[in-house]
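J.:
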Amino acid sequence: MHWPTRSCVFGRRCVMQTPPRRRRETILLAILAIASVLPLRFYVESRPWFLAEFGTLLALFVAVELVKTFGAESGRSKLLMSSATTLLAIAPILFAFFARSFGSPIAFEMSTLSAFGSVSLAVAIAAKTDRTRAMSLVASGFLVLFATSISEHSQAVWIAVAWMSVCVWHLVANHWEKLGVCLPDFVRPTVGVRPASVLIAVVLCIAGGQAVRNHVGPANRMTNGVMPTSGGSKWSDPAARSGVGSGDAAIAAKDHAESFGAVESEIFLESTESSLFDMVNEMIGEPKQKMKWDRRQAMGNENFIPIHDQAAKSEKGGSSFSTDRMPPKKHRHFEDAKENAVIQWAGPTGIRLAMQRFDTFDGVDWTNSVDRSNDKLSQREIDQNVWFFDPKLESRALSDSDLVTVNLLKVLRLDSTRFPAPMMTAGLHIKDVNRQDFFGIEHDGSLFMPERDKIPPLTVVNLASIQVMEDELWDRLPDCQTKLDASEQPTSDSTQHPYQQLQDIVAQLRTEFTFDRNTPTQTDNPVEEFLQTRRGSDHLFATVAALKAREIGLQSRLVTGFYVPPDAYDISAGHANITPEDIHFWVEIKLDDGRWFELEPTPGYQQPVYTPSLWLSTKRFAAAHWMHGLLMVALGVVTFLTRLIWIDWLLTAVWSLSLLLPSRKQLGIAMRIVETRASLIGKARPTGKPQRDWLEALVVRDLQMRDHVQQFCDVADQAIFGNPAPIDRRRLNSLVRALNTKQLKSMTNETMA
1 MHWPTRSCVF
11 GRRCVMQTPP
21 RRRRETILLA
31 ILAIASVLPL
41 RFYVESRPWF
51 LAEFGTLLAL
61 FVAVELVKTF
71 GAESGRSKLL
81 MSSATTLLAI
91 APILFAFFAR
101 SFGSPIAFEM
111 STLSAFGSVS
121 LAVAIAAKTD
131 RTRAMSLVAS
141 GFLVLFATSI
151 SEHSQAVWIA
161 VAWMSVCVWH
171 LVANHWEKLG
181 VCLPDFVRPT
191 VGVRPASVLI
201 AVVLCIAGGQ
211 AVRNHVGPAN
221 RMTNGVMPTS
231 GGSKWSDPAA
241 RSGVGSGDAA
251 IAAKDHAESF
261 GAVESEIFLE
271 STESSLFDMV
281 NEMIGEPKQK
291 MKWDRRQAMG
301 NENFIPIHDQ
311 AAKSEKGGSS
321 FSTDRMPPKK
331 HRHFEDAKEN
341 AVIQWAGPTG
351 IRLAMQRFDT
361 FDGVDWTNSV
371 DRSNDKLSQR
381 EIDQNVWFFD
391 PKLESRALSD
401 SDLVTVNLLK
411 VLRLDSTRFP
421 APMMTAGLHI
431 KDVNRQDFFG
441 IEHDGSLFMP
451 ERDKIPPLTV
461 VNLASIQVME
471 DELWDRLPDC
481 QTKLDASEQP
491 TSDSTQHPYQ
501 QLQDIVAQLR
511 TEFTFDRNTP
521 TQTDNPVEEF
531 LQTRRGSDHL
541 FATVAALKAR
551 EIGLQSRLVT
561 GFYVPPDAYD
571 ISAGHANITP
581 EDIHFWVEIK
591 LDDGRWFELE
601 PTPGYQQPVY
611 TPSLWLSTKR
621 FAAAHWMHGL
631 LMVALGVVTF
641 LTRLIWIDWL
651 LTAVWSLSLL
661 LPSRKQLGIA
671 MRIVETRASL
681 IGKARPTGKP
691 QRDWLEALVV
701 RDLQMRDHVQ
711 QFCDVADQAI
721 FGNPAPIDRR
731 RLNSLVRALN
741 TKQLKSMTNE
751 TMA
């Protein structure tokens with residue numbers, strides 16, 4: 001049974017006090033409530049404003065606690081505490097106002113939730129009564145429940161479980177402390193009541209969650225104007241994040257921004273939309289025309305037939321790609337021109353969206369020799385949605401769903417039947433489309449819509465891609481070495497792991513070569529010229545990287561598509577606008593299981609992120625810092641063996657810093673220091689024994705120290721129960737320094753002897 005704290009400090013009389021446990025636990029519950037809002041805001045808001053807001057909340061909280069702990073009970077300290085507490089409560093509102101003023105708006109409901117949490121914390125800090133603390137408790141509980149219910153992350157429920165555990169612990173303790181006003185006949189100490197209550201509550205919570213699991217329908221995005229970040233538009237809030245379906249173009253999608261508008265009418269017969277072939281020519285220049293002279297014979301004018309003023313030319317992409325190209329033409333873009341985005345991407349930035357792949361190179365031209373056109377996509381129904389999967393990646397995507405990421409792609413002005421898709425895209429889904437003949441696999445393995453001229457504009461596609469762990473790159477790259485002539489000696493580079501050699505190749509290209517799309521080629525061998533001048537376009541970087549990968553025995557291919565630049569992400573719309581200027585080239589390497597992963601050899605573009613597992617990270621850290629680890633272990637052993645010495649030094653330093661505190665606080669700190677030292681040597685004060693009796697028992701063998709202890713206890717009694725009077729700091733200082741761990745241990749040994 002736990003009783004309320006009593007001020008029986010020196011055995012004279014006891015006064016009931018409110019236990020500080022209630023305040024600490026209420027503050028902890030409010031902090032957990034604020035933590036439940038962090039996942040909702042961290043990934044979608046401006047990182048500097050987010051860190052500034054919550055850093056300010058942390059600084060204000062620490063300032064209030066420092067003033068309350070070490071500040072004197074004066075009017076100035078109370079004014080400082082009240083001011084900091086008020087700022088703590090309104091800080092999210094102030095940051096919402098300033099962020100909007102500086103062009104980084106924070107959604108209204110996110111600011112409201114944060115303000116709800118900060119007010120709950122401020123009330124918990126400033127509360128003087130249990131009724132006020134209960135208000136903070138209810139507010140923090142509501143916030144945790146609401147934030148957990150709207151979170152899309154499956155692990156968010158653990159914040160609610162943590163809050164509930166602390167709350168049950170808090171309520172059970174409050175229940176037993178109510179018995180402090182009674183006069184019990186006997187008291188039986190119990191240890192496991194509160195832990196057992198918390199454990200039962202957690203088990204019931206988890207069991208209830210498992211019972212309702214998979215019995216609740218999927219979450220639906222709310223309509224315009226209710227929750228801006230869930231389904232609003234720019235008309236309801238500048239911070240709205242309604243996904244890919246936002247903007248004026250969503251009107252063509254009628255009732256649903258994700259509906260499939262496969263409209264085949266005359267309006268799409270003529271179009272100014274750019275194909276991938278057009279965008280490549282515009283960005284890196286057109287291929288050089290090879291003049292070929294066949295056998296010929298002169299003809300008279302009578303055989304000449306006039307043709308049109310301008311011959312027609314095809315702008316559709318072919319099955320090859322030439323590295324020998326003309327310099328791109330200079331284009332002047334007006335600032336007031338309409339946004340020319342060809343696709344919109346709601347997903348991570350700094351990645352690549354592939355559209356076409358080439359695996360055969362003859363020195364100038366890239367072509368594709370693989371034919372996967374006979375492969376058929378398999379149809380699967382997941383959560384009442386029809387998905388179409390690549391048969392080579394389907395089993396891995398369905399067996400390990402934790403590594404699958406689903407993002408949204410919206411086609412606007414792309415004149416192509418191919419879907420721009422991230423690396424290792426396993427499947428796709430379009431709302432309300434369940435016909436398998438709508439989708440297919442191109443010769444090079446890309447996903448496309450067959451028997452069409454292009455993907456219908458405003459089509460929104462869900463793409464499921466598989467993440468690649470770095471461990472797989474170390475384990476699944478073929479262990480091939482560079483073939484050497486008999487006269488050559490193997491070098492250290494040829495004995496490295498293939499993935500390490502790939503990293504060296506990429507690092508060399510990114511550091512020793514210059515990316516410049518305006519560099520013309522002067523010869524018929526652009527690759528060799530690029531290696532000599534060390535300057536060229538990204539298709540040359542990718543070509544050289546692919547060729548160097550083949551030199552070490554790996555299979556490689558050139559990939560063309562779009563790069564998603566980080567600065568293209570529109571926080572107010574929740575997606576990135578991809579323009580023709582974002583056309584890009586990179587290289588893919590084949591693993592031993594048939595999958596392909598990408599490399600980024602061109603400087604200025606973010607490299608793909610392959611996250612190592614915890615085991616690989618631990619091994620790397622241990623290999624890089626094993627010497628530091630041994631030193632830390634040795635330091636830990638020495639610290640443990642000398643813990644009495646340095647803890648005593650630390651307590652002495654704390655006592656020296658207490659000089660500026662009031663007399664009563666100095667007396668309390670002195671007593672706590674002596675009790676801590678006694679606990680370190682295993683002679684802690686027994687529960688219920690007054691401090692005076694305990695101190696006198698410690699120094700019973702030392703007459704001089706016993707007189708000091710009696711004077712100290714008399715001064716403490718007068719300061720606590722009588723009129724406060726100045727204390728003799730020197731005498732108190734001599735007592736604290738004399739009763740150190742070494743002296744207490746010797747006194748205890750003498751008493752036992």
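Heads up: the sequence shown begins at 1 in the UniProt record's numbering, then just goes up one per residue. We put the CB at the ideal spot given by N, CA and C, even for glycine.
Near residue 567, what residues of its chain come up, given a Cβ to Cβ distance below 6 Å and the 5 sequence neighbours on each side ignored?
T.: none
J.: Looking at residue 393 and residue 426, is the spacing between their C-beta atoms short of 7 Å?
T.: yes
J.: Once you ignore the five residues that flank residue 774 on each side, which residues in its own chain have a CB closer than 7 Å to its CB?
T.: Past the edges of the chain, shown from 1 to 753, lies residue 774, and the structure says nothing about it.
J.: Mind checking who residue 428 pairs with in its DSSP beta bridge?
T.: The partner list for residue 428 (beta bridge, DSSP) reads 388 and 463.
J.: Thinking just about the alpha-carbon of each residue, which of 20, 164 and 550 is nearest to the one in residue 590?
T.: 550
J.: On a Cα-Cα basis, can you pick out the residue from 569, 539 and 87 that is closest to residue 754?
T.: A question about residue 754 goes unanswered here, because the residues of the chain that appear run from 1 up to 753.
J.: Compare the C-alpha of residue 202 against each of 136, 593 and 168 and name the closest.
T.: 168
J.: Three or more beta-carbon pairs under 8 Å between the segment 497 to 512 and the segment 425 to 442, yes or no?
T.: These segments do not touch.
J.: Name the DSSP beta bridge partners of residue 410, please?
T.: 344 and 460
J.: Select from 385, 496, 126 and 142 the residue whose C-alpha is nearest the C-alpha of residue 462.
T.: 385
J.: Which partner residues does residue 558 have in the DSSP bridge list?
T.: 358 and 587
J.: My understanding is that residue 758 touches residue 388, with C-beta atoms under 8 Å, so please give their C-beta distance in whole angstroms.
T.: Look at the range of the chain in this structure, 1 to 753, and you will see that residue 758 is not part of it.
J.: For the 8 Å Cβ check, are there 3 or more pairs between the segment 573 to 580 and the segment 625 to 638?
T.: no
J.: Which partner residues does residue 543 have in the DSSP bridge list?
T.: DSSP, once it has assigned bridges, lists no residue as partnering residue 543.
J.: Figure out for me which residue from 465, 467, 496 and 466 has the closest Cα to the Cα of residue 478.
T.: 496
J.: With a threshold of 16 other CB atoms inside 10 Å of the CB of residue 195, please say whether the residue is buried or exposed.
T.: exposed
J.: Could you tell me which residues DSSP puts in a beta bridge with residue 381?
T.: In DSSP, residue 381 forms a bridge with 386.
J.: So, are the CB atoms of residue 95 and residue 65 less than 7 Å apart?
T.: no
J.: For the candidate residues 498, 398 and 534, whose alpha-carbon lies nearest to that of residue 514?
T.: 534
J.: Straight-line CA distance for residue 705 to residue 679?
T.: 20 Å
J.: So, helix, strand or coil for residue 47, using DSSP?
T.: helix
J.: With a threshold of 7 Å between beta carbons, is residue 604 in contact with chain B?
T.: Here chain B cannot be found, since the structure has a single protein chain.
J.: In its own chain, which residues sit with a C-beta less than 8 Å from the C-beta of residue 412, not counting the 5 before and 5 after it?
T.: 249, 341, 342, 343, 344, 457 and 458
J.: If you follow the alpha helix (DSSP H) that residue 733 is part of, which residue opens it and which one closes it?
T.: 729 to 738
J.: Just reading off the beta strand (DSSP E) that residue 578 is part of, what are its end residues?
T.: Counting along the chain, the beta strand (DSSP E) containing residue 578 begins and ends at 575 to 578.
J.: Could you tell me the alpha carbon to alpha carbon distance between residue 542 and residue 362, rounded to whole angstroms?
T.: 15 Å
J.: Could you tell me the distance, in whole angstroms, from the CA atom of residue 733 to the CA atom of residue 663?
T.: 13 Å
J.: Go ahead and pull the three-state DSSP assignment for residue 516.
T.: coil
J.: Mind checking residue 155: buried by the 16 CB within 10 Å criterion, or exposed?
T.: exposed
J.: For residue 594, I'd like the list of residues in its chain whose CB is within less than 8 Å of its CB, leaving aside the five on either flank, ordered along the chain.
T.: 392
J.: Once the 5 residues before and after residue 743 are set aside, which same chain residues still bring their CB inside 6 Å of it?
T.: none
J.: From what residue to what residue does the beta strand (DSSP E) around residue 597 run?
T.: 596 to 599
J.: I'd like the ranges of any alpha helix (DSSP H) spanning at least 4 consecutive residues and lying wholly in the segment 672 to 728.
T.: Taking only runs of at least 4 residues, the alpha helix (DSSP H) segments lying wholly in the segment 672 to 728 are 691 to 698 and 703 to 721.
J.: Alpha carbon to alpha carbon, what distance is there between residue 422 and residue 379?
T.: 20 Å
J.: Measuring straight from C-alpha to C-alpha, what distance separates residue 39 and residue 648?
T.: 42 Å
J.: Alpha carbons only, please: which of 86, 383, 372 and 137 is nearest the one belonging to residue 447?
T.: 372
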